[in-house]
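For the sequence shown, the UniProt record's numbering begins at 1 and goes up steadily by one.
Idealized CB from N, CA, C, for every residue including glycine.
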Amino acid sequence: MSDGQRSPTTGSGQIVVSGLTKQYKNVRAVDNLSFTVEPGRVTGFLGPNGAGKTTTLRMLLNLVTPTGGTATIGGQRYADLTDPLRHVGAVLEASSAHKGRTGINHLRVICAAAGLPKSRADEALALVGLTPAAKRKFKGYSLGMKQRLGIAAAMLGDPRVLILDEPANGLDPEGIRWMRGFLKGLAHEGRTVLVSSHLLSEMQLLADDVVIIAAGKLVRQGPVEQVLGSMAQGGGRVRVRTPQADELVAALRAQSATVETGEHGVLLVTGADAPAIGKAALAAGVELHELTPERPDLERVFLELTAGKAGIR
1 MSDGQRSPTT GSGQIVVSGL TKQYKNVRAV DNLSFTVEPG RVTGFLGPNG
51 AGKTTTLRML LNLVTPTGGT ATIGGQRYAD LTDPLRHVGA VLEASSAHKG
101 RTGINHLRVI CAAAGLPKSR ADEALALVGL TPAAKRKFKG YSLGMKQRLG
151 IAAAMLGDPR VLILDEPANG LDPEGIRWMR GFLKGLAHEG RTVLVSSHLL
201 SEMQLLADDV VIIAAGKLVR QGPVEQVLGS MAQGGGRVRV RTPQADELVA
251 ALRAQSATVE TGEHGVLLVT GADAPAIGKA ALAAGVELHE LTPERPDLER
301 VFLELTAGKA GIR
């Protein structure tokens with residue numbers, strides 16, 4: 001979009017969820033949930049199946065009416081935005097379109113309905129790398145291509161806020177890497193990017209912040225590094241290799257450390273950090289071949305935080 005056509009910003013683009021609750025008869029899908037999503041960052045929205053993620057996103061987009069609480073984008077409810085497509089782009093499932101319509105015509109129809117120039121369809125298609133498939137009919141698109149087309153539709157209004165539910169579904173490794181770079185680029189431009197996903201290893205690479213929920217409640221929120229670091233302090237583990245395992249195990253257990261034996265004779269030590277292990281090995285005359293602190297990854301942290309809290313929705 002040219003400067004003259006650029007969409008107006010939505011306040012700061014900050015997403016604020018405050019006390020959000022949704023009750024379905026006897027099931028509370030979302031329970032007094034509060035979190036914020038800041039502009040200029042990619043925020044991963046994580047939770048087990050049935051945690052309430054999709055319900056939360058639907059309330060944020062006013063597709064579902066909350067039982068209580070509020071959800072705002074740039075200080076306004078989505079329903080109160082003027083020309084919402086110019087403020088917020090959203091993909092809650094793989095793009096759907098008339099099977100006989102081409103990708104470019106699908107986007108042009110949306111442009112016409114939203115009062116956007118027809119040229120924006122070509123620009124959005126190029127943005128997601130689908131220009132070569134512009135004139136192919138939707139029925140011939142793979143799931144990954146449909147995901148890209150959905151993102152192209154979300155970007156038609158050049159929004160400051162992007163909300164995506166499982167955007168990497170159907171993408172091959174190259175497509176996932178493209179998605180990562182694309183979303184990071186949008187955040188670098190100062191846009192707000194909220195992404196729900198089950199691909200935890202990918203979210204560790206993509207997200208700046210995470211919001212983790214379970215059974216409709218907030219479990220943890222913060223920068224990825226901070227969340228991982230807090231778990232490391234509570235239960236960090238150190239990998240140790242030595243040809244004198246028995247002697248080192250005895251020395252460490254004398255200091256109340258816990259030692260487990262992993263694959264290929266590797267010792268997994270908790271309750272003692274690397275310097276303490278090194279000191280104990282030196283005092284016992286034990287030769288060390290490896291001394292590596294293990295940092296928990298997002299998958300391990302996620303599973304520990306949500307253990308027993310998944311629920312069924």
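- Between Arg120 and Leu156, the gap from beta carbon to beta carbon is short of 9 Å.
- Scanning the segment 80-168 from its first residue to its last, the whole beta strand (DSSP E) runs of 3-plus residues come out as 88-91 and 161-165.
- Taking C-beta separations shorter than 7 Å and ignoring five residues to either side along the sequence, the partners of Phe45 in its chain run Lys53, Leu194, Val195, Ser196 and Val211, following chain order.
- Taking the C-beta atoms as reference points, Gln255 is found no nearer than 9 Å to Ala274.
- Setting aside the 5 residues that flank it on each side, Val238 is surrounded in the same chain by Leu268, Val269, Thr270, Ala272, Asp273, Ala274, Ile277, Leu291, Thr292, Pro293 and Glu294, each with a C-beta closer than 8 Å to its C-beta; the list follows chain order.
- Short of 6 Å from the beta carbon of Thr36, and not among the five residues preceding or following it, lie these beta carbons of its own chain, in chain order: Val16.
- Counting along the chain, Gln204 sits inside the alpha helix (DSSP H) bounded by residues Leu200 to Leu206.
- Nearest C-alpha to Ala29 among Gly47, Ser12, Thr43 and Glu38: Gly47.
- Look at Pro173 here: in three-state DSSP terms it is helix.
- Setting aside the 5 residues that flank it on each side, Thr261 is surrounded in the same chain by Leu267, each with a C-beta closer than 7 Å to its C-beta; the list follows chain order.
- Sequence-distant Cβ neighbours of Arg180 in its own chain, meaning closer than 8 Å and more than five residues away, are Glu202, Leu205 and Leu206.
- The beta-carbon distance between Asp208 and Val42, rounded to whole angstroms, is 5 Å. This is short enough to meet the 8 Å contact definition.
- Scanning the segment 245-301 for uninterrupted beta strand (DSSP E) segments of 3 residues or longer gives 258-261, 267-270 and 290-294, listed from N- to C-terminal end.
- About 15 Å separates the CB atoms of Leu60 and Ala51; that is not less than 8 Å, and the two are not in contact.
- For Ser230, the secondary structure class from DSSP, reduced to helix, strand or coil, is helix.
- DSSP places Arg180 in the helix class (H, G or I) of the three-state scheme.
- Lys146 is the residue among Tyr141, Leu130 and Lys146 whose C-alpha sits nearest the C-alpha of Val91.
- Burial of Leu33 is indicated by the presence of at least 16 other C-beta atoms within 10 angstroms of its C-beta.
- Here the C-alpha atom of Ala152 lies approximately 31 Å from the C-alpha atom of Leu218.
- With respect to Asp172, Gly144 sits close: the two C-beta atoms are nearer than 9 Å.
- For Leu60, the enclosing alpha helix (DSSP H) stretches over residues Lys53 to Leu60.
- Tyr78 counts as buried, since no fewer than 16 other beta carbons sit within 10 angstroms of its beta carbon.
- Shortest Cα-Cα distance from Asp122 to any of Lys137, Thr56 and Asn105 involves Asn105.
- Going by DSSP, Tyr24 is part of the beta strand (DSSP E) stretching over Ile15 to Tyr24.
- Proximity to Arg191 across Ala134, Tyr24 and Ile73 peaks at Ile73, based on C-alpha coordinates.
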